[in-house]
Amino acid sequence: MEEDMYFGNWLMFSVQIAVITIIYMYRNVLCPKYMKEDYKYVNLYLKWTYILSVIGFVVADNYIEYRQLFVGIISLLVPVLCWLFCRPTISLNLLSAWYKYAWLPFLFLFYFKLGFTQFYMQPLLVLVCLFPLFPKKTAMMILLLGVLLATKDIEEERAPFIKATVAILTGIAISIRNVLPIKIIRIGRVFCFFCSVIVFVFVFGDAYDVFAGKADVEEVVHSNKERDVVEKDTRSLLYIDVVASAIDNEYLIWGRTPARGFDITYSGVLFWFDKTISYNKNERHKNEMVLSNILTWEGLVGLLLFSLIYIRGSYLAVYRSNNKIIPILGCFVAWRWSWGWVEDVNNFLITDVDLWALIAICYSSYFRRMSDGEFIVWANGLLSKKHRQLFQRLKIEERND
Numbered sequence: 030m031e032e033d034m035y036f037g038n039w040l041m042f043s044v045q046i047a048v049i050t051i052i053y054m055y056r057n058v059l060c061p062k063y064m065k066e067d068y069k070y071v072n073l074y075l076k077w078t079y080i081l082s083v084i085g086f087v088v089a090d091n092y093i094e095y096r097q098l099f100v101g102i103i104s105l106l107v108p109v110l111c112w113l114f115c116r117p118t119i120s121l122n123l124l125s126a127w128y129k130y131a132w133l134p135f136l137f138l139f140y141f142k143l144g145f146t147q148f149y150m151q152p153l154l155v156l157v158c159l160f161p162l163f164p165k166k167t168a169m170m171i172l173l174l175g176v177l178l179a180t181k182d183i184e185e186e187r188a189p190f191i192k193a194t195v196a197i198l199t200g201i202a203i204s205i206r207n208v209l210p211i212k213i214i215r216i217g218r219v220f221c222f223f224c225s226v227i228v229f230v231f232v233f234g235d236a237y238d239v240f241a242g243k244a245d246v247e248e249v250v251h252s253n254k255e256r257d258v259v260e261k262d263t264r265s266l267l268y269i270d271v272v273a274s275a276i277d278n279e280y281l282i283w284g285r286t287p288a289r290g291f292d293i294t295y296s297g298v299l300f301w302f303d304k305t306i307s308y309n310k311n312e313r314h315k316n317e318m319v320l321s322n323i324l325t326w327e328g329l330v331g332l333l334l335f336s337l338i339y340i341r342g343s344y345l346a347v348y349r350s351n352n353k354i355i356p357i358l359g360c361f362v363a364w365r366w367s368w369g370w371v372e373d374v375n376n377f378l379i380t381d382v383d384l385w386a387l388i389a390i391c392y393s394s395y396f397r398r399m400s401d402g403e404f405i406v407w408a409n410g411l412l413s414k415k416h417r418q419l420f421q422r423l424k425i426e427e428r429n430d
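Positions 30 to 430 (this note's numbering) are the ones given, in order, by the sequence shown.
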């Protein structure tokens, strides 16, 4: 069942609930300034999620929809990771522990070429973005790892290649940060957000043609069937159904709640070949594209609030930082919003750590008040116990509390 795949096993679900509960219980400790102006859009988005979750509980009318509701709620609560990674010492301990102990499972997954490998290794993108901040040998190893992530299964998987490539480009920008005028970085932030236009015009060409009236949906379906794996447009038909369903069922503004999905009309050709999958009320609950899921579950209101989390975070990074590293990370966060139209599904799993750790860094005044040297010590602490101890002695958090 597709729903079982989304829901995962009960153990994973219990762990997710436990982590979310702990974050809420200790949010004052994890992120003392979570109610301040900087986090305004995070809090507004979460309040909208609470409202839609309650409505979803009321409108759900069968077991599958209640299951989908809980899956959707967990996915929508991923922004609370902004609180978890707010403090440099906590984020340092969490990320360094993963980097220290994750290698053996990675080798197993990579050797057997399991599809989960690329997602399991997502936290490595943080290192790839920061590779110039490490000693030369370590930096070269991280860069090589980034190339490996980019080129693995490149013939079948385009998304990992693009994400790793942009992470490498971010690292290159950090390496020349001292000669990059802040004006160029600010322009780069705007460009990264406008990459969404490029995505829809050039990547989602089929959807663009349909919405622009240049082709009808039947032509797009027929054309897509005849393409090979690399050229196949696996997103346009989904967007056509997502938007059409929202308009036809009149939930475009407010959303359909996390209990429901979008009506399958044309995109079924992408997955109906699997006869083992069944769909509640001929609806698909969620897609690989995070922003399309937000639109389905929370409408344009939720989509706007969710987008403002990225916009505000990148703004704080670019305009309110004492160092020149975090502004460049703010550009990467802006680009990840554009990429959210293609992928980056929220699952509250290890796959989300890289993105939300970086967003948390952009929001955190602890990080933004660091000098370049202090941030370099923090970054090296991700792999070095000596640097973790050195960072503790800097007492960054005590200075800023």
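All C-beta atoms, glycine included, are put in the ideal place defined by N, C-alpha and C.
If I follow the unbroken alpha helix (DSSP H) through residue i, where does it start and stop?
i: Gly67; result: One point to set straight first is that residue 67 is Asp, not Gly, in the sequence displayed. Careful: Asp67 lies outside any alpha helix (DSSP H) and carries neither H nor E.
i: Cys391; result: Val382 to Tyr392
i: His416; result: Lys414 to Leu423
i: Arg187; result: Arg187 to Ser204
i: Thr167; result: Lys165 to Thr180
i: Gly152; result: The sequence given here has Pro at residue 152, not Gly. Neither: Pro152 is in no alpha helix (DSSP H) and is coded neither H nor E.
i: Tyr55; result: That residue, Tyr55, is in no alpha helix (DSSP H); it is neither H nor E in DSSP.
i: Ala126; result: Pro117 to Tyr130
Use the C-beta contact count for residue i: other C-beta atoms within 10 angstroms, 16 or more gives buried, fewer gives exposed.
i: Asp67; result: buried
i: Ala126; result: exposed
i: Asp292; result: buried
i: Leu427; result: One detail in the question is off: residue 427 reads as Glu in this sequence, not Leu. Looking at its Cβ environment, which holds fewer than 16 other Cβ atoms inside 10 Å, Glu427 is exposed.
i: Trp39; result: exposed
i: Leu358; result: buried
i: Leu173; result: exposed
i: Lys315; result: buried
i: Met318; result: buried
i: Thr78; result: buried
i: Val374; result: buried
i: Tyr27; result: The question about residue 27 has no answer, for the chain in this structure spans 30 to 430.
i: Asn311; result: exposed
i: Asp90; result: exposed
i: Ser43; result: exposed
i: Glu94; result: buried
i: Arg451; result: Any answer about residue 451 is impossible in this case: the structure gives the chain only from 30 up to 430.
i: Leu177; result: exposed
i: Ile405; result: buried
i: Ala47; result: exposed
i: Glu327; result: buried
Out of the options, which has the shortest C-alpha to C-alpha gap to residue i?
i: Glu372; options: Tyr268, Tyr280 and Met41; result: Tyr268
i: Ile213; options: Cys360, Val406 and Cys115; result: Cys360
i: Gln151; options: Asp277, Gln418, Asn376 and Arg422; result: Asn376
i: Val382; options: Ala346, Leu110 and Ser296; result: Leu110
i: Ile425; options: Lys415, Val230, Leu411 and Trp407; result: Trp407
i: Arg285; options: Thr294, Asn322, Tyr295 and Asn316; result: Asn322
i: Gly402; options: Ser394, Leu419, Cys391 and Ala193; result: Leu419
i: Tyr392; options: Pro356, Glu94, Gly342 and Phe99; result: Gly342
i: Arg264; options: Phe229, Ala288 and Leu337; result: Phe229
i: Tyr339; options: Met41, Trp368 and Asn91; result: Trp368
i: Asn309; options: Arg417, Gly290 and Thr294; result: Gly290
i: Ile171; options: Leu106, Cys158 and Pro210; result: Cys158
i: Thr294; options: Cys224, Ala273 and Ile354; result: Ala273
i: Val87; options: Ala288, Ile355, Trp385 and Ser400; result: Ala288
i: Leu320; options: Leu411, Trp366, Lys414 and Ile355; result: Trp366
i: Asn351; options: Cys60, Ile201 and Arg397; result: Arg397
i: Arg417; options: Lys76, Ile49, Ala386 and Ile119; result: Ile119
i: Lys166; options: Ala363, Met399 and Asn409; result: Asn409
i: Met41; options: Ile379, Val83 and Ile388; result: Ile379
i: Ile227; options: Trp364, Leu333 and Lys62; result: Trp364
What did DSSP end up calling residue i once you bin it into helix, strand or coil?
i: Glu277; result: Note on residue identity: the sequence assigns Asp, not Glu, to residue 277. Helix.
i: Glu317; result: coil
i: Phe404; result: helix
i: Phe396; result: helix
i: Glu312; result: strand
i: Phe220; result: helix
i: Met30; result: Residue placement at Met30 cannot be trusted, given a pLDDT of 41 that sits under 50; what the coordinates show is reported in the next sentence. The answer is coil: DSSP assigns Met30 none of H, G, I, E or B.
i: Phe291; result: strand
i: Thr286; result: coil
i: Ile161; result: The displayed chain sequence assigns Pro, not Ile, to residue 161. In the structure shown, Pro161 sits in a helix (DSSP, three-state: H, G or I).
i: Arg264; result: coil
i: Phe229; result: helix
i: Phe42; result: helix
i: Leu209; result: coil
i: Leu81; result: helix
i: Leu113; result: helix
i: Val258; result: Its pLDDT being 46, under 50, Val258 is placed unreliably in this model, and the value from its coordinates should be taken loosely. In the structure shown, Val258 sits in coil (DSSP, three-state: anything other than H, G, I, E or B).
i: Leu143; result: Residue confidence is low: Leu143 scores 49 on pLDDT, short of 50, so the model does not pin down where it sits. Its coordinate-derived value is still stated next. DSSP places Leu143 in coil when its eight states are reduced to three.
i: Leu411; result: coil
What are the start and end residues of each continuous beta strand (DSSP E) run of 3 or more residues lying completely inside the region 83 to 111, in chain order?
The qualifying runs do not exist here; there are none.
Identify every run of the alpha helix (DSSP H) within the region 311 to 377, keeping only runs that are complete inside it and at least 4 residues long; order them along the chain.
Runs of the alpha helix (DSSP H) inside the region 311 to 377: 319 to 348 and 355 to 368.
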